[in-house]
Each structure stands twice: as structure tokens, then as C-alpha cells.
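Encoded as C-alpha cells, the structure appears first; notes follow it.
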Amino acid sequence: MKALVFHGPGQRAWEDVPDPTITEPTDAIVRVDAVTICGTDLHILGGDVPAVTDGRILGHEAVGTVVEVGAGVRNLMAGDRVLVSCVSACGRCRYCREARYGQCLNGGGWILGHLIDGTQAELVRVPFADNSTYKIPEGVSDEQMLMLADILPTSYEVGVLNGCVRPADVVVIIGAGPIGLAAILGAKLFSPSHIVVVDLADSRLEAAKSFGADIALNGGRDDVAAVVRDLTGGLGADVTMEAVGVPQTFEQAVALARPGGHIANLGVHGSPATLHLEDIWIKDLTITTGLVDTYSTPTLIGLVASGRLDTSQMITHRFNLGDFMEAYDVFSRAGETGALKVLLTAHSST
Ligand SMILES: NC(=O)c1ccc[n+]([C@@H]2O[C@H](COP(=O)([O-])OP(=O)(O)OC[C@H]3O[C@@H](n4cnc5c(N)ncnc54)[C@H](O)[C@@H]3O)[C@@H](O)[C@H]2O)c1
Ligand SMILES: [Zn+2]
Ligand SMILES: [Zn+2]
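Numbering of the sequence shown is given in full-length UniProt numbering, commencing with residue 1 and proceeding in unit increments.
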């Protein structure tokens, strides 16, 4: 089969590799029908994730068709159409029993396209298949479902639910990439009074408005703190979310929260950020961080199936699977191309 293979920092190739095979009784082999690229894949290509080694097939999001299941798989059979989640779950360990699948102790968690071969391929081996896939309900498109593999549960769990967004809240989201934009969709489910989005790129601020942000601010030009003060009688935001991953925006998210407020960090950070305890010890703040667990995926599927959540705006570019190299190029130049999520489908690939 063909797959997108990592060959060390900056090196990737769409090349021939052996087909995956069942190696554990709980595995399934899934034919990839639709797949996308995550910002994390760019971090890997940038050399930021040393656990990913030469020869690894990238990708941790897909929709596909089951072609084979191991003897221990109970809930799936060949022909089933499934979402392959970014997080796999053994289902038996202490963390899986608490629905904290991201922390799975038995070889689950974020492993696809990281510690084992991933989804950017014609076929993928999915471990713990019963617990790591979701059947696609009638009436839900592959495109809508694919957005539930990673970005929607991440934003919903680590941003909206950890941040405890409540009706009438003023919510500030810093960073309007796919994660920040998905956080707008998730926050809107709780009827906040205002969603304020901050980014440095005007194209991303336009996207934020079309996703439902009430106020879109350019952090390089606008006085974000003054706008938030004006909106909140000088108190600060009820909930702030950091969806960038640099120290400056984490510190900004903390500074913009009101006493008693919540700060939900979504960003993956590569360097330390300063926690100004000398200012905030008195403010009764709650600061949360986290890797997505995907416990909310069934909820999100229900919301999409009933039309309460529409992820279709997220996909800006479409390719055939065979055009993976070009898709990476477009996605990695998001500033110029306006890419949010790119979709690759197998239908007309060879
Ligand atoms: N916690 C998790 O489980 C999880 C899962 C997936 C992604 N992430 C992380 O979430 C973060 C966002 O992901 P993404 O795919 O949306 O990334 P992205 O790079 O597409 O978006 C980041 C946005 O932040 C903006 N930005 C950069 N510097 C800024 C600044 N100083 N002020 C305001 N905006 C600024 C950029 O213009 C961009 O629009 C990343 O750090 C990613 O690694 C976390
Ligand atoms: Zn991802
Ligand atoms: Zn587990």
C-alpha cells in the first residue's frame, strides 16, 4: 500500500510500504476513506516529537471501512464504517476505567502516528479496536465525522468542559487555529454572552467570526485587556482558553481571567511559562491543562447527527489520497493558503 512516511525532521514521502496485518486479537484493519493532517504532524516534521522515529507512518485521524478484525474484537465486523479516534484505549486499566483514555497505561493513549503507524495511509491497523473506533451513524457525512477524531473532542473536553463554560459567560479564546475555532463551536453549545477571539492573523480572525465569535481581536494591534475589561465591568473573563502553545499567550490567558475564573490551557507548550503567583494567589483561579481523552466523542456524534453541531466549515481544501505531499504543502503554509483542515479522500486515488 501507499502511506505518508516520516523520515526524520523535514523529511516525508508518499511511498510503498507493506500492508498492515493483525498482530493482536483486539486489532482491526481499516481501509482509510477520509483522512486529514493535524498541526501536531507539523510539530513532528519540525523535529519537536522525538518519540516519532524514521519510517513511522503519520496521522491520527481517519474515517474508514473495517476490512478485517482480530479474534478478540466483539463490536466490529468487516464492512463497518468507523471513525478512528486519535486516542486508543485498552478499556481495562485504571485510567480507561475512569474514561481518561488519553492516559491509558496498557499501550493506548495517543499512539497512532506517534508510537505506532498511523492513519495517513491506504490501510491502518487500529489497536483495541472495540474501544478506539466509533460507528458512523446514518446521515452523518465522512467529512463531519472526521472532525470528531481529534479537534472537536480536544476543544470540547480540554477547553470548554475543563473551562466550565456556563450560560452568559464571557469567554476569551486565544488562538484561532482549528483548535480555537472548534472551541468556539463547543462554547456556543453553552450560550455564553460573548465569545472574544484573539489571534495575530487577520485571516484567522475572519474565520473566527464566521464560526460565531462575537468579537475578534488582533493581539498585535488591539488592546485586548481593555476590551475584556469593558465587557465585564472591569472584572475580567469568566473563562479564558489558551489555544496557541507559547508562554506569552498562557500568561495572557491567566491575566485576562476574572477572580474566580477558569483558565483552560489547550496549547502544547515547548518552553516554560511564568505563573505570576505574586499577582494571582488571591484571585481564586482554576487553571487546567490536558491531553484529550475522547470521552466526549459519543456526545459530539449525537450533536452532529442531530444538526446541533456543524463542523463542515472546518474543511477548506480537498485532495485525493495520492496527493498527500501537496496537501502537506498547502496545510503547512496555512498563513498564505488560508487552510484550516485539509481533507484527503481515497475515492479516486490509485
Ligand atoms: N491538548 C491537546 O490534547 C491538544 C490536541 C491537539 C492540539 N493541541 C494544541 O493546540 C494548539 C492549537 O492547535 P491548532 O491546530 O489550532 O494550531 P495552529 O497553529 O493552526 O493555530 C494557532 C493559532 O495561534 C495564532 N497565534 C500565534 N501566536 C499568537 C499570539 N501571540 N497571540 C494570539 N494568537 C497567536 C496563530 O496565528 C494561529 O492562528 C497547538 O499548540 C496544538 O499543538 C493540543
Ligand atoms: Zn492532532
Ligand atoms: Zn487503558
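Note that beta-carbon positions come from the ideal geometry of N, C-alpha and C, so glycine has one too. Quantities reported herein were computed from a predicted structural model and do not represent experimental measurements.
Thinking just about the alpha-carbon of each residue, which of G322, G338, D329 and R333 is nearest to the one in D33? When the alpha-carbon of D33 is set against those of G322, G338, D329 and R333, the nearest one is in G322.
Counting Cβ pairs closer than 8 Å, one from the segment 258-265 and one from the segment 196-207, do we hit at least three? Touching, no, given that fewer than three Cβ pairs across the two stretches are closer than 8 Å.
Could you give the C-beta distance for I136 and M241, rounded to a whole number, given that I count them as a contact under 8 Å? Their Cβ separation, rounded to whole angstroms, is 29 Å, which puts I136 and M241 out of contact at 8 Å.
Is the distance from the Cβ of V170 to the Cβ of A237 below 7 Å? Yes, these two residues count as a Cβ contact at 7 Å.
Once you ignore the five residues that flank S193 on each side, which residues in its own chain have a CB closer than 7 Å to its CB? Answer for S193: A168, D169 and V170, listed in chain order.
Name the two residues that bound the continuous alpha helix (DSSP H) containing H43. Secondary structure note for H43: its alpha helix (DSSP H) is the uninterrupted segment G39 to L45.
Starting from the N-terminal end, write out each residue whose C-beta falls within a distance shorter than 5 Å of any non-hydrogen atom of ligand 3. The answer, residue by residue, is C90, C93, C96, C104, N106 and G108.
Does the beta carbon of S141 sit closer than 7 Å to a beta carbon anywhere in chain B? No chain B is part of this structure, which consists of one protein chain only.
Per-residue DSSP class, three states only, for Y156: Three-state result, Y156: helix.
N75 versus A99: straight-line alpha-carbon distance, rounded: Cα to Cα, the separation comes out at about 18 Å.
In the DSSP assignment, what are the bridge partners of H317? Paired residue(s): V342.
Where does T350 fall in DSSP's three states? Any reading at T350 is ruled out, since the residue's pLDDT is 37, under 50, leaving its predicted position unreliable.
Is it the case that the segment 213-225 contacts the segment 148-162, given that we only count it when at least three CB pairs across the two stretches are under 8 Å? Because the criterion of three Cβ pairs below 8 Å is not met, the segment 148-162 and the segment 213-225 do not touch.
Can you tell which of R229, Y328, A89 and T299 has its C-alpha closest to the C-alpha of C38? Cα-wise, what sits closest to C38 is Y328.
Would you be able to state if there are at least three C-beta pairs under 8 Å between the segment 269-279 and the segment 290-299? By the Cβ rule, the segment 290-299 does not count as touching the segment 269-279, because fewer than three pairs are nearer than 8 Å.
Could you tell me whether the Cβ atoms of M314 and L340 are closer together than 7 Å? Their beta carbons are under 7 Å apart, which means M314 touches L340 by this criterion.
Helix, strand or coil at D142 [DSSP, three-state]: The three-state secondary structure of D142, taken from DSSP, is helix.
I'd like the list of long-range same chain contacts for V66, defined as Cβ closer than 7 Å, with 5 residues on each side in sequence excluded. Counting only Cβ-Cβ distances below 7 Å, and skipping sequence neighbours, we find A28, V30, L76, M77, A78, G79, D80 and V82.
By Cβ distance below 6 Å, which residues in the same chain neighbour G159 in space, the five residues on each side in sequence not counted? If we look at G159 and ignore the five residues flanking it on each side, its Cβ neighbours are A183, M241, A264 and L266.
Do S85 and S141 have their CB atoms nearer than 7 Å? For S85 and S141, no; Cβs fall outside 7 Å.
Once the 5 residues before and after I44 are set aside, which same chain residues still bring their CB inside 6 Å of it? Counting only residues of its own chain and dropping the five nearest sequence neighbours on each side, I44 has a CB closer than 6 Å to the CB of V52.
For L146 versus V87, is the C-beta distance shorter than 7 Å? Cβ atoms of L146 and V87: not closer than 7 Å.
Buried or exposed for W281, going by 16 or more other Cβ atoms inside 10 Å? W281 comes out exposed.
Suppose contacts are defined by Cβ-Cβ distances below 7 Å. Is G102 in contact with V292 by that definition? Judged by their CB atoms, G102 and V292 are nearer to each other than the 7 Å cut-off.
So is residue 398 buried or exposed if we call it buried at 16+ other beta carbons inside 10 Å? Only positions 1 to 350 of the chain appear in this structure, which leaves residue 398 out of reach.
Return yes when the Cβ of R125 is within less than 7 Å of the Cβ of P20, no when it is not. Against a cut-off of 7 Å, the Cβ pair of R125 and P20 comes out as a contact.
Nearest-angstrom Cα separation, counted from L285 out to R12: For the pair R12 and L285, the Cα-to-Cα distance works out to about 43 Å.
Which value, in whole angstroms, describes the spacing of the CA atoms of E24 and G47? Their backbone Cα atoms lie some 30 Å apart in a straight line.
Helix or strand or just coil, what does DSSP make of L58? If DSSP states are grouped into helix, strand and coil, L58 belongs with coil.
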